[in-house]
Structure formats: C-alpha cells, structure tokens
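Protein chains in written order, with full-length UniProt numbering: chain V, 1 to 477; chain C, 1 to 477.
Even glycine gets a Cβ: it sits at the ideal position worked out from N, Cα and C.
Heads up: the structure comes next, in structure tokens.
2 protein chains.
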Amino acid sequence: MEMPTPDATIMGRKAAIVAGLEALLPKDAVISDPHETRAYECDGLSAYRCPPLAAVLPANTEEVAAILKFCHAEGVPVVPRGSGTSLAGGALPTADSIILGVSKMADVLETDYANRIIRVQTGRTNLSVTGAVEEDGFFYAPDPSSQLACAIAGNIAMNSGGAHCLKYGVTTNNLLGVTMVTMEGEVVEIGGAHLEAAGYDLLGVICGSEGQLGVVTEATLRILAKPEGARPVLMGFDSNEVAGACVSDIIKAGVLPVAIEFMDRPCIRACEDFVHAGYPDVEALLIVEVEGSDDEIDEQLEKIIEIANRHNPVELRESTGPEQSALIWKGRKSAFGAMGQINDYMCLDGTIPVSELPYVLRRIGEMSGEFGLDVANVFHAGDGNMHPLILYDANKPGDLETCEAFGAAILKLCVEVGGCLTGEHGVGIEKRDLMLDQYAPADIAAQMAVKDVFDPAWLLNPAKVFPLATSASRRVA
Amino acid sequence: MEMPTPDATIMGRKAAIVAGLEALLPKDAVISDPHETRAYECDGLSAYRCPPLAAVLPANTEEVAAILKFCHAEGVPVVPRGSGTSLAGGALPTADSIILGVSKMADVLETDYANRIIRVQTGRTNLSVTGAVEEDGFFYAPDPSSQLACAIAGNIAMNSGGAHCLKYGVTTNNLLGVTMVTMEGEVVEIGGAHLEAAGYDLLGVICGSEGQLGVVTEATLRILAKPEGARPVLMGFDSNEVAGACVSDIIKAGVLPVAIEFMDRPCIRACEDFVHAGYPDVEALLIVEVEGSDDEIDEQLEKIIEIANRHNPVELRESTGPEQSALIWKGRKSAFGAMGQINDYMCLDGTIPVSELPYVLRRIGEMSGEFGLDVANVFHAGDGNMHPLILYDANKPGDLETCEAFGAAILKLCVEVGGCLTGEHGVGIEKRDLMLDQYAPADIAAQMAVKDVFDPAWLLNPAKVFPLATSASRRVA
C-alpha cells in the first residue's frame with residue numbers, strides 16, 4: 001500500500017506545533033516524545049505503521065475545538081482516533097499529522113428513560129454504554145465484536161454494526177444526534193433527541209464519514225428495553241453453500257431473528273480450540289438467535305427450524321439455558337482472536353445481497369485455490385455482511401501482497417453481485433483505491449464535494465476513503 | 001407569507017423556453033397553456049397559489065436529465081412535484097419556474113423477494129408499491145395518511161412517515177438506493193440493494209432534502225413480510241394530558257406497538273360523523289395496534305392494557321375482528337378529510353420527545369385560548385410526531401394570519417422542549433423562517449453549503465427550506 005509523502009515544512013515545525021498545542025491543553029494531554037507516539041503508530045490493520053508527529057488527548061468539546069482551530073490555522077493534518085480498533089486503517093496516522101484521541105472523553109452526560117436516550121462523550125466504549133443503563137433494563141443495540149474496546153466515536157465514524165444488527169440496525173439507525181467540531185474549530189449540533197431533522201438531515205452523512213467531516217465529541221444514542229429472553233440455535237451443514245442457501249431462505253420467509261451468524265470449518269475449529277464453545281464438527285455452522293418471551297421464542301424457532309430442515313442439517317441444537325447461550329456467543333465473538341492465535345490474517349469486510357451468499361461463498365473457495373491462500377469465513381450472514389479472513393504468513397516475502405490482491409478480488413466480487421465493498425469497517429486506507437470499482441467518477445466527485453464543505457483544506461483524516469492521488473490533489477497547501 | 005419576485009428576464013423568455021422543452025420531449029409532455037398550468041398552481045397547502053411558467057411530465061430518467069440540463073443552461077428554476085399532496089408548500093411553484101411532475105413515471109422496475117426489495121420509478125404512489133407485492137405476502141412499511149395519492153418521490157423528498165412508523169421507521173429507514181439526476185443533468189446512483197455505503201452515505205442527506213439536491217427518478221425500497229395478524233385497541237381518557245401520559249408510559253416500558261395514534265374530542269367527533277367508526281364519546285382517544293401471531297398479540301396487549309389501566313381509562317376496547325379493525329383505521333386515516341368538511345384548517349407537523357406530550361398538549365390548549373382559535377389534535381403519538389390542526393375561517397379577514405402566528409408559536413414550543421419543527425411534512429415555504437429558531441447560523445450554513453455542492457446555481461425548488469432572504473442571496477443570476 002502506498003503511503004503519502006509527509007510535508008517537510010510541517011515536519012520541520014514540529015517543536016513550534018507541539019508548543020502551540022501545549023499552550024492550549026493540560027501538560028499531560030500532549031504527547032510528542034517519539035517513544036510515546038509509537039503507541040499511536042497503527043490501529044487494528046497492524047500491517048501498516050507510521051508514528052504521528054504528536055498525539056493530543058482532549059477532555060471535552062472546548063479542548064477539541066481549540067486543537068482543531070489551531071491545526072487548521074497552522075495547516076497541520078489531524079487524524080481522529082477512538083480506541084484504534086479499526087481493521088481498515090481508519091486511524092492510521094501520517095508522519096506529518098496530529099493524532100486526536102478521544103479516550104479521555106468517556107462520561108455519560110444524560111440518561112433519559114422516558115425518551116429512551118442516552119447522551120455520552122464519544123470516547124466511551126460501546127459496551128460501557130449498555131453498562132450505564134442495563135441495571136434499569138435497557139441496552140444499546142449495535143454490538144461490534146470489538147465492543148469491549150471500541151469507542152462510540154469510532155462506531156459513528158465507521159457506522160459500525162454487529163451480530164445483532166439484523167434486527168436492530170447499525171449505528172446510523174441508533175444515533176439521534178451529535179455535537180461535532182469542524183476542522184475550522186466550529187461546534188455544530190446535528191440532530192437531537194428526536195427522530196426527524198428540519199431541512200437537510202446531515203446526521204446520515206456524518207455517520208460513516210470516517211472522521212473526515214468533523215470530530216464528533218458527544219452523541220445522543222437510542223437505547224432499547226432489554227427483551228424478555230433470547231435463545232440461539234446452532235445449525236450445522238455439510239457445505240458452505242447449503243448453509244448460505246438456508247440463510248437466504250430464512251430471510252426470504254420474512255422471519256426476523258436478531259442474529260444469523262455464519263462460520264466455516266477453519267473458523268469453527270479455531271474457535272473451538274480457543275474457547276471450547278461446544279461447536280459441532282461440521283463444514284458450516286449457523287448461529288440463529290431469536291428474542292422475546294418463551295412462547296414467542298418457541299414460535300419463531302419452530303418456523304426457522306422447519307426451514308433449516310429443508311436443507312438437511314447435520315446438526316440442529318437449541319440452547320438449553322443462559323450458560324450455554326453465553327458460551328455459544330463467546331465462541332463467535334472470539335473468532336478473530338482465535339484465528340490470530342494460529343495465523344496472520346487479513347479480515348475483509350464486504351456486503352452482498354443475501355440471495356448471492358451461496359454463489360459468493362463458492363467463488364471465494366475457488367479463488368482461494370487460484371491465489372494459493374486459505375480463507376476462513378465468519379460473518380453476519382443475515383444482512384449479507386461478509387468477513388472473509390485471508391490467512392497468510394507475514395514472514396514470507398510476497399505473501400502480504402498476494403493476500404491484498406486476493407482481498408481486492410473478493411471485494412470486487414461483492415460489488416459485481418450488486419453489493420458494496422465495505423460493511424462496517426469502512427474504507428480507510430485498505431479500500432481507497434477500490435472506490436473506483438464501486439463508483440462512477442460523478443459519484444465520487446459528489447462525495448468529495450461534501451468533504452470540501454466541511455473541511456475545505458482537506459486536513460481531517462488525510463489519505464483515506466478516496467484514491468490517494470485524488471485526495472492529495474485536493475489538499476490545500 | 002412573502003412570495004419571491006419572479007425573474008422578469010425568464011418571464012419574458014417564456015416562448016423560447018417552452019420551445020426548447022418541446023424539442024426535448026414528446027408534444028403532450030409539455031404544458032404551457034395558462035389554463036392548464038393552473039392545475040399545478042398549488043399543493044396541499046392551498047392557501048398559497050402561483051401558476052408556474054410551464055409544466056413538464058417526463059417518462060423516464062433520460063428525459064428528466066435532458067430537462068434539467070436544459071433548464072440549468074438557461075438558468076430556469078425547476079420545482080419537482082410528486083402528487084402534490086405536500087402540506088407545507090413543498091411543491092408550490094414560483095411564477096418563473098418549471099414544474100417537473102413525475103406522475104408518468106410509475107412503473108415497477110424489479111421485485112426481488114429473496115433480497116426483500118422492490119425497485120420503482122418514483123412517480124408510483126405509496127399504496128401501489130404495496131399493491132405490487134401484497135399478493136406474495138409483502139408490504140412497504142411507511143404509510144402516510146395520503147398514501148392512496150402521494151408519490152414515492154414526495155415520500156423521499158419529505159422523509160415521510162405514517163401511523164405504523166413507530167415500529168418500522170420512516171422513509172429513510174426503508175430506502176436502500178436511488179437514481180438521482182442533479183440540476184446539471186448528471187445521473188448519479190446512490191446506495192443500492194444493500195444496507196451499507198462505501199465512503200460517505202449520501203442517501204441520508206438526499207432523503208428529506210425536499211427536492212433541492214436533485215430529482216430522484218428511481219428508488220430501491222425495502223419490503224417486509226406481512227405480519228401474521230394485527231389488532232388495534234381503542235383507549236378513551238377524560239383528558240388529553242392523561243392520554244399523553246399513558247403514551248409516555250407505554251414507550252418507557254419498552255413495549256413496541258406498531259402504532260400509537262392520538263385523537264382529541266374535536267377530531268373524534270368529526271371522524272365519527274364522517275365515517276361512523278364507532279369511536280367512544282371521550283375527551284381523548286388512543287389507537288394502539290400490535291402485530292404478530294394471536295399469542296404474540298395477546299401477550300403484548302396484556303402489558304399495554306395493564307399500563308393503560310393505571311391511567312383510569314373511561315373506555316378500553318379491543319377490536320373483535322378484521323372488519324372492526326379496518327373501521328377503526330378508516331376513522332383515523334380520514335381525520336384530515338373529516339375536519340376539512342367542517343372547517344378551514346392548517347395542519348401543523350412538529351416532533352417532540354414523547355415525555356413532553358402531556359405538557360405540550362396542555363400548552364396548546366392554553367394557547368388556543370390566547371389566540372382565539374380552536375385546535376384539533378390527531379397524530380402519531382408513539383414517536384412524538386404531532387399534527388395539531390388549527391381551525392380558522394378563510395373568509396374572515398386576518399384569520400389566516402392569526403392562524404399562522406399560532407402555528408409558529410406551537411412549532412417554537414416543539415423546539416423549546418427539545419423537539420423539531422417538522423416531522424414528516426417538511427419545511428417547504430411554511431416553516432422556512434422558523435429554521436432560525438431551530439438552528440444556529442453555523443448549522444444553517446452547513447446545510448446551505450451542501451446545497452451549493454449539488455445545485456451551485458440554487459435553481460432547484462427555489463424559495464423553500466431556508467429563510468427567503470438567505471436563499472435569494474445564494475441564487476446565481
């Protein structure tokens with residue numbers, strides 16, 4: 001992956017820039033020692049690393065505004081960072097940029113059960129949003145696998161989903177309003193504690209804009225009442241394609257489970273070795289979960305199991321209680337960690353129409369042979385959000401490049417069948433050049449024109465989302 | 001309401017402009033005779049009327065592109081029009097503008113049950129989208145009261161909701177992709193048959209932008225499997241405030257009916273006289289509907305009725321069968337027509353946090369005394385989307401002005417309690433000056449900058465959404 005050339009003028013002014021930031025913030029909120037900035041050199045896409053010029057850790061919206069105003073005046077690029085769990089390089093610095101980390105901003109500002117909302121600072125982790133309301137019977141629905149660590153700021157930037165988003169939607173469906181600071185240091189309020197916007201609804205374009213339009217410092221989130229109960233069922237099949245066809249049939253029938261998760265043999269084995277979830281020894285596994293009262297659960301599972309039986313499952317097992325349910329999910333949620341124990345891998349993220357699942361799974365299998373690299377599949381099948389993990393050896397020359405080429409071929413396949421080259425991980429640096437496969441030049445130009453509005457000098461989270469040459473040409477020196 | 005001054009140069013060039021349009025389109029697709037353009041002089045906000053310079057009725061995306069390209073080159077404003085049911089003047093022409101009506105574009109382009117989508121031309125009416133799929137057990141969820149007449153184009157422009165949007169969301173939650181033509185005549189594809197967007201998600205900002213960013217010619221919509229059954233229950237209360245408190249408690253408890261509709265005494269009486277729905281003689285009525293199997297319905301209604309009983313209802317009546325259910329809904333859906341039979345009225349549209357319902361209903365009652373005009377309330381209470389109908393006499397001098405002042409005061413109240421000055425009807429001309437009450441100058445500037453991107457000359461649907469002086473200053477001559 002090509003990295004942008006750092007701006008020599010900025011690099012030469014490091015001392016003055018750091019001094020300027022130190023004048024705006026408490027002493028320990030500015031990190032410029034090269035040993036310490038290394039902590040910010042990469043995110044979850046750790047194949048690419050680059051320490052930033054400096055990092056700042058503001059405590060509130062006012063400090064964020066002061067930082068951005070200063071950096072805008074000085075022409076210094078800023079890379080916002082949540083918890084750094086991005087798998088697409090969304091928080092990767094450039095050498096001439098300032099990392100703006102929101103980790104200190106983790107307060108709950110307001111809970112309002114009557115209107116079912118919570119307002120938080122965006123450095124708060126996803127799981128601790130639910131943590132703040134669960135004793136009162138509520139939860140925050142989007143649940144990325146990284147939910148223990150990932151920040152709401154990053155969830156908003158990437159429009160994150162999760163296993164249970166089939167029923168509850170992704171971040172954009174659960175976000176009601178934000179306080180955002182533009183690159184020029186202006187504080188704007190977008191949306192609020194209601195579902196509608198007067199005039200244009202800018203919230204939708206902010207959500208998923210990968211930190212390129214502004215830094216979101218506070219968010220009003222919708223919280224939901226916890227369902228009475230939930231029950232997963234494990235379904236084992238003797239091929240990926242049959243499991244894919246079963247998913248497509250469940251969706252087509254109009255049943256709406258809260259989650260349909262898919263794992264293939266390599267992934268099942270790795271998870272089983274890692275957490276002993278009790279998964280059966282099959283080619284492909286579905287975890288289908290439904291919610292409600294016991295009666296509602298029984299009724300929904302009856303329909304789902306009837307559909308599954310048409311596909312000759314080799315295993316069909318309802319959870320018998322809360323411990324078993326927790327174990328089933330623990331296996332799934334540790335899939336990436338489990339795979340990481342046994343292999344280097346690149347985790348892809350593409351979305352396809354659910355009806356194309358059997359075809360796409362077969363083609364990925366064939367391409368695995370063509371490229372000579374193994375693939376493990378684990379993903380949110382119900383909404384067609386795939387996460388093929390391509391296994392490679394980081395110490396073997398050329399393997400990473402082959403892996404990247406294979407990944408690009410899979411994402412192009414997603415676009416070909418009418419899907420999208422990203423689901424919930426974003427474009428970041430990983431997929432910026434593939435944007436040309438997804439979009440016509442006029443479509444990309446419209447997106448870039450929106451960036452012009454919010455960040456005319458193109459200083460915010462540079463070198464991402466758009467093809468490198470295109471976005472470099474936009475940068476105002 | 002102040003109307004913009006027509007551009008004398010454009011008015012003087014009418015013959016040439018019409019000839020230019022006739023060269024692009026079939027003969028009967030251009031309407032320029034003053035007797036015929038009168039058909040397009042107003043929409044549902046019929047207090048304001050202005051015939052357009054001409055009207056065009058294209059049959060497909062290519063014709064729309066040709067029209068817009070021509071008008072852009074000639075500097076002629078264009079007002080897109082669905083079925084003209086807007087209640088906020090969203091389709092009101094200016095004298096120097098061309099009405100672009102999409103009514104001829106009503107085809108179904110694709111139905112795909114496996115992926116639960118339908119793709120239509122946007123002139124198709126809302127109800128006939130469901131009509132195209134209901135034999136196969138599916139439906140399109142957003143259901144504005146005008147669903148028999150209103151076009152998908154208008155639904156997208158206003159982000160329309162409806163009675164059942166409490167559960168299923170509004171248009172933006174059911175729209176997957178659009179084909180849109182920009183004012184410059186460029187055709188862009190935004191979104192698609194999947195839930196995610198790579199790069200920025202422009203679909204959210206297109207939906208609800210009131211036809212000011214482009215003309216949407218085709219739409220990919222999500223369709224849902226019809227629920228097994230549904231049952232409404234009527235709840236009568238002896239005051240608006242108590243009914244409002246009951247709604248707030250239902251929402252707070254986390255039960256999710258598909259609809260909670262509210263009607264007060266004047267509205268109940270008018271509907272009862274109009275369609276004989278069998279409504280009880282009470283101060284305030286709620287229609288609460290739940291869906292599912294019989295067991296699921298029983299279980300949900302049990303919880304809801306338990307909450308209602310805490311508020312001492314004077315009437316509580318479950319529907320006993322499909323005919324009665326249909327009648328209950330017929331009453332509600334004909335509310336605006338019924339009120340129109342007995343009075344001139346202005347229908348407002350604001351959104352508030354549900355917990356503020358009792359307070360806002362009391363204040364509206366008090367303000368009714370202050371302004372000396374009666375109010376009837378009928379609205380989607382579950383999601384806080386209010387529709388107060390202010391009754392006035394169109395033949396009495398000054399009454400319309402008092403009515404407008406009262407309406408503005410109610411919408412300001414909505415903003416004060418943390419709500420929004422529009423729900424599903426849009427800003428149009430009706431609320432453009434109130435935008436300054438909702439937004440800070442920086443927020444409005446951000447929205448206007450987005451308009452600059454899509455329509456740099458500010459020719460598309462002029463004199464709406466933004467305060468008149470502001471948007472006039474932006475117009476490129």
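{"Item": "Any chain C beta carbon closer than 7 Å to V/Thr422", "Value": "yes"}
{"Item": "Counted within 10 angstroms of its Cβ, other Cβ atoms place V/Thr220 as buried (16 or more) or exposed", "Value": "buried"}
{"Item": "Chain V residues whose Cβ lies nearer than 9 Å to that of C/Cys207", "Value": "Asp201, Gly204"}
{"Item": "Cβ contact (3+ pairs, closer than 8 Å) linking the region 320 to 333 of chain C and the region 263 to 277 of chain C", "Value": "yes"}
{"Item": "Closer than 8 Å at the beta carbon, the chain C residues around V/Tyr113", "Value": "Lys252"}
{"Item": "Bounding residues of the alpha helix (DSSP H) (the contiguous stretch that carries C/Gln447)", "Value": "441 to 454"}
{"Item": "Under 9 Å (Cβ pairs) to chain C, residues found in the region 277 to 303 of chain V", "Value": "Gly292, Ser293, Asp295, Glu296, Glu299"}
{"Item": "Within the region 149 to 236 of chain C, ranges of the beta strand (DSSP E) (whole runs, at least 3 residues)", "Value": "175 to 181, 187 to 191, 215 to 222"}
{"Item": "Any chain C beta carbon closer than 7 Å to V/Ser473", "Value": "no"}
{"Item": "Contact check, V/Asp433 vs V/Pro467, beta carbons under 7 Å", "Value": "yes"}
{"Item": "CB contact below 7 Å: C/Pro441 versus chain V", "Value": "no"}
{"Item": "Test: V/Glu218 CB closer than 7 Å to a CB of chain C", "Value": "no"}
{"Item": "Which residues DSSP lists as bridging C/Asp7, in chain order", "Value": "DSSP output for C/Asp7 lists no bridge partner at all."}
{"Item": "Contacts that V/Gln447 makes with chain C (C-beta to C-beta distance below 8 Å)", "Value": "Gly199, Tyr200, Leu202"}
{"Item": "Whether V/Lys226 touches V/Gly137 by CB criterion (7 Å)", "Value": "yes"}
{"Item": "Bridge-paired residues (DSSP) for C/Thr351", "Value": "C/Asn385, C/Cys420"}
{"Item": "Cβ pair V/Ala253, V/Pro358 closer than 7 Å", "Value": "no"}
{"Item": "Partners in chain V for C/Gln438, counting only beta-carbon separations shorter than 7 Å", "Value": "Ala198"}
{"Item": "V/Leu224: contacting residues in chain C (beta-carbon distance under 9 Å)", "Value": "Gly254, Leu256"}
{"Item": "Spatial neighbours of V/Val187 in its chain, beta-carbon cut-off 7 Å, leaving aside the 5 residues before and after", "Value": "Thr61, Ala65, Thr179, Val181"}
{"Item": "Contact belief for C/Asn174 with C/Pro142 at Cβ below 8 Å, rounded distance in angstroms", "Value": "6 Å"}
{"Item": "Pick from V/Val360, V/Leu400, V/Leu459, V/Gly426 that is closest to V/Leu373, judged by C-alpha positions", "Value": "V/Leu400"}
{"Item": "Touching by the beta-carbon criterion (3+ pairs, under 8 Å), the region 446 to 457 of chain V and the region 450 to 465 of chain C", "Value": "yes"}
{"Item": "Unbroken alpha helix (DSSP H) run spanning V/Asp112, endpoints", "Value": "It is not in any alpha helix (DSSP H) - V/Asp112 instead sits in the beta strand (DSSP E) that spans 108 to 112."}
{"Item": "Continuous alpha helix (DSSP H) assignments of at least 4 residues falling wholly in the region 306 to 351 of chain C", "Value": "322 to 333, 335 to 342"}
{"Item": "Per DSSP, cross-strand counterpart(s) of C/Ala284", "Value": "C/Phe237, C/Asp264"}
{"Item": "Cβ of C/Glu186 within 7 Å of any chain V Cβ", "Value": "yes"}
{"Item": "Extent of the continuous alpha helix (DSSP H) to which V/Ala472 belongs", "Value": "468 to 474"}
{"Item": "Nearest-angstrom beta carbon gap, V/Ile304 and V/Val255 [assumed within contact, 8 Å]", "Value": "6 Å"}
{"Item": "Unbroken stretches of the beta strand (DSSP E), 3 residues or longer, contained in the region 13 to 73 of chain V", "Value": "54 to 56"}
{"Item": "Euclidean distance between Cα positions of V/Gly131 and V/Ile117", "Value": "14 Å"}
{"Item": "Buried versus exposed call for V/Lys396 [16 or more other C-beta atoms within 10 Å across all chains shown]", "Value": "exposed"}
{"Item": "Whole-angstrom distance between V/Lys69 and C/Cys207, CA atom to CA atom", "Value": "32 Å"}
{"Item": "Contact belief for V/Ile410 with V/Gly350 at Cβ below 8 Å, rounded distance in angstroms", "Value": "7 Å"}
{"Item": "Partner residues on chain V for C/Arg116, Cβ-Cβ distance less than 8 Å", "Value": "Ile251, Lys252, Gly254"}
{"Item": "Three-state secondary structure (DSSP) of V/Ala91", "Value": "coil"}
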